Amino acid sequence: MATKNALQIEAPAEDVNADVKHFGATESDKGGAGKSIINRVHGEVLRLRGIKTHLYDGDAGTQTLLTQLGTRDEKGRIAPKQEASEGVDFYDITDVNQRTRFLDSTEDDARVILHDHPGGAYAALARIIDSGDRDAQNNMDLSGIADVLRSAPVSPFFFHALTHEEPSTASVNRYIKAFEGPHFRHVVFINKQWGKLPGNFPFWFGFRDHEGNTVGGKTRERLLASGGIELWWPVLQSECAAKVSFYKIPFHQAGNDKRLSVTERGQAKKFWEEASAVVDESLKYLGL
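If you want it as structure tokens, here you go:
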């Protein structure tokens, strides 16, 4: 029999007055950008607030969100059957027989529905409703899935994990172009793992090349012009982060977990304070 983890036990009563259903996914065609950590903190904050949140892990390779926030059995192992409302339901976004779970979950009875996708999920999304074919500019058509989300009873959003490299910025641009307009909201999380200054992210903020030409910066302009926002995502020291993941400690509890050293507990506490504050800003933008 599956047992609830400490996160659900601590959660306060749900806000029964909520009427807007928020549906979204965290994306980056660049692997290792920090998508799962962003989702983990969002999942913890939402559930601790008592907001009915369904979590899905569409990354069959690492299943990071599932292994960290999934419901466990009496022996502490990940329960083979997961409920999105309590743990983390899972599927493979690259599998033709499973990727339909993404859109089908728009009918979930939840205030927030959040999917964690692997790097490169764009191509899989382009095959759910659309053909997956590329045009002359090598772009895939996602107009079909965008139309479904526009007509679904949800307020759709996309989180983007941004690194310093050009493909990461290109990924954000690709999603904004595919899901553009007042119906869609976009939040870009600039991961401080790769720097803390705008200059550390040249393709996002733009820079002058050796001939004085401006390179980059247009995707950021497009995001802000469309009403999207950018937020700086904090860094948890690598050794501490590795142990928190290994011991499957919820971030909000890591600052008091004795399996971590005094220093690591301090690092975890500071990260939780900073990351949850960033999440507060993203949820405020979504209207939560």
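Residue numbers (the numbering used here): 1115 to 1402.
Yeah, the Cβ is synthetic: ideal placement off N, Cα and C, and Gly gets one too.
Just so we're clear, the structure is a prediction, and the values are computed from it rather than from any experiment.
Item to check | Under the three-state DSSP convention, the category residue 1170 falls into | outcome: Looking at residue 1170 - three-state DSSP - the assignment turns out to be strand.
Item to check | CB-CB length for residue 1217 against residue 1268, believed under 8 Å | outcome: No, residue 1217 and residue 1268 are not in contact; Cβ-Cβ is about 10 Å, not under 8 Å.
Item to check | Touching by the beta-carbon criterion (3+ pairs, under 8 Å), the stretch 1299-1317 and the stretch 1171-1191 | outcome: The stretch 1171-1191 and the stretch 1299-1317 do not touch, with fewer than three beta-carbon pairs separated by less than 8 Å.
Checklist entry - Using CA coordinates, which residue listed in 1227, 1196, 1341 and 1231 is at the minimum distance from residue 1213? => result 1231
Next on the checklist: Counting only C-beta atoms, is residue 1224 closer than 7 Å to chain C at any point?
Outcome noted: No chain C appears in this structure, which consists of one protein chain only.
Checklist entry - How is the alpha helix (DSSP H) around residue 1316 delimited, first residue to last? => result 1316-1319
Next on the checklist: Cutting at 6 Å between CB atoms, please list the residues of its own chain near residue 1136, excluding the five before and the five after it.
Outcome noted: Answer for residue 1136: 1226, 1269 and 1400, listed in chain order.
Next on the checklist: Based on DSSP bridge pairs, tell me the residues matched to residue 1346.
Outcome noted: 1304
Item to check | Cutoff 6 Å; reference residue 1421; Cβ partners in own chain excluding five residues on either side | outcome: Given a span of 1115 to 1402 for the chain in the structure shown, any question on residue 1421 remains unanswerable.
Checklist entry - Counting only runs that start and end within the stretch 1355-1401, where is the alpha helix (DSSP H) found for 4 or more residues in a row? => result 1365-1368 and 1376-1400
Checklist entry - If you draw a straight line from the alpha carbon of residue 1379 to that of residue 1353, how long is it in whole angstroms? => result 12 Å
Next on the checklist: Here's the rule I'm using: 16 or more other beta-carbon atoms within 10 Å means buried, otherwise exposed. How should residue 1219 be labelled?
Outcome noted: buried
Checklist entry - Whose C-alpha, out of 1201, 1340 and 1188, is nearest the C-alpha of residue 1154? => result 1201
Checklist entry - Which value, in whole angstroms, describes the spacing of the CA atoms of residue 1361 and residue 1192? => result 13 Å
Next on the checklist: Let's see if you can read the secondary structure: which residues bound the beta strand (DSSP E) around residue 1269?
Outcome noted: Following the DSSP letters along the chain, one finds residue 1269 inside the beta strand (DSSP E) bounded by residues 1269-1276.
Checklist entry - Does the Cβ of residue 1210 have 16 or more other Cβ atoms within 10 Å, making it buried, or fewer, making it exposed? => result exposed
Item to check | Endpoints, the alpha helix (DSSP H) within which residue 1218 is located | outcome: 1215-1218
Next on the checklist: Assuming residue 1258 is part of the alpha helix (DSSP H), what are its boundary residues?
Outcome noted: 1257-1265
Item to check | Rounded C-alpha distance that separates residue 1131 from residue 1224 | outcome: Its pLDDT being 41, under 50, residue 1131 is placed unreliably by the model, and the measurement read from it follows with that caveat. One Cα belongs to residue 1131, the other to residue 1224, and the distance between them is close to 12 Å.
Item to check | Residue closest to residue 1398, alpha-carbon to alpha-carbon, out of 1141, 1300 and 1290 | outcome: In this structure, 1300 is the residue among 1141, 1300 and 1290 with its C-alpha nearest to the C-alpha of residue 1398.
Item to check | Endpoints, the beta strand (DSSP E) within which residue 1145 is located | outcome: That residue, residue 1145, is in no beta strand (DSSP E); it is neither H nor E in DSSP.
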